[in-house]
Each structure stands twice: as C-alpha cells, then as structure tokens.
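K.L.:
Please see the structure below; I have some questions.
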Amino acid sequence: MIQQILKKATNNEVLNEKEALELLSITNLSTLHSKIWEVRENDSTNTEKSNKQ
5 MIQQILKKAT NNEVLNEKEA LELLSITNLS TLHSKIWEVR ENDSTNTEKS NKQ
C-alpha cells in the first residue's frame with residue numbers, strides 16, 4: 005500500500021485523504037526513506053524489463 009502511494013506521489017498524482025494520512029503515519033524518517041528507495045528500485049527494474057521485451 006505504501007509503495008503504491010509513494011509511486012502516485014512521485015508521479016505528482018493527487019492523493020486521496022486516506023492515502024495522505026497513510027503516508028503521514030510514517031513517523032520514522034528512515035522507514036520512509038527506505039520505502040522511497042524500494043519504489044525507485046522497483047521502477048528502474050520494471051523499466052529495464054520492459055525495455056528488453
């Protein structure tokens with residue numbers, strides 16, 4: 005769920021209230037930072053896979 009919300013946020017899509025509250029509920033910045041990197045890594049991996057096809 006968090007990864008989907010972060011993906012929307014990084015694509016400048018509007019978050020609904022539930023998504024925004026979910027994102028704000030992460031008070032541990034290192035957790036948020038690691039989640040952001042997971043999303044970025046997954047995006048780059050998916051891009052590489054689609055480029056190979």
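Heads up: take any position in the sequence shown, counting from 1, add 4, and you land on our numbering.
For every residue, glycine included, the Cβ atom is placed at its ideal position computed from N, Cα and C.
As the structure is a computational prediction, the values presented were derived from the model and not from experiment.
1) Assuming leucine 28 and leucine 19 are in contact, meaning their beta carbons sit under 8 angstroms apart, how far apart are those beta carbons, in whole angstroms?
2) Which residues bound the alpha helix (DSSP H) around glutamate 26?
3) Please state whether DSSP places glutamate 42 in a helix, a strand or coil.
4) Return the chain-ordered list of same chain residues with a C-beta closer than 8 angstroms to the C-beta of leucine 10, the five sequence neighbours on each side being excluded.
5) Going by C-alpha distance, which of Thr14, Gln8 and Glu45 is nearest glutamate 23?
P.N.:
In short, the structure shows the following:
1) On the sequence shown, position 24 is the one that residue 28 refers to. On the sequence shown, position 15 is the one that residue 19 refers to. Not confirmed; about 10 angstroms, so no contact.
2) On the sequence shown, position 22 is the one that residue 26 refers to. In this chain, the alpha helix (DSSP H) harbouring glutamate 26 covers 21–28.
3) Taking the first residue of the sequence shown as 1, we reach residue 42 at position 38. Note: glutamate 42 maps to helix in three-state DSSP.
4) Working through the sequence shown from its first residue, we reach residue 10 at position 6. Sequence-distant partners of leucine 10 (beyond 5 residues in either direction) whose C-beta falls short of 8 angstroms from its own C-beta, in its chain, are Leu27, Lys39, Ile40 and Val43.
5) Looking up residue 23 in the sequence shown gives position 19. Glutamate 23 has its Cα closest to that of Gln8, out of Thr14, Gln8 and Glu45.
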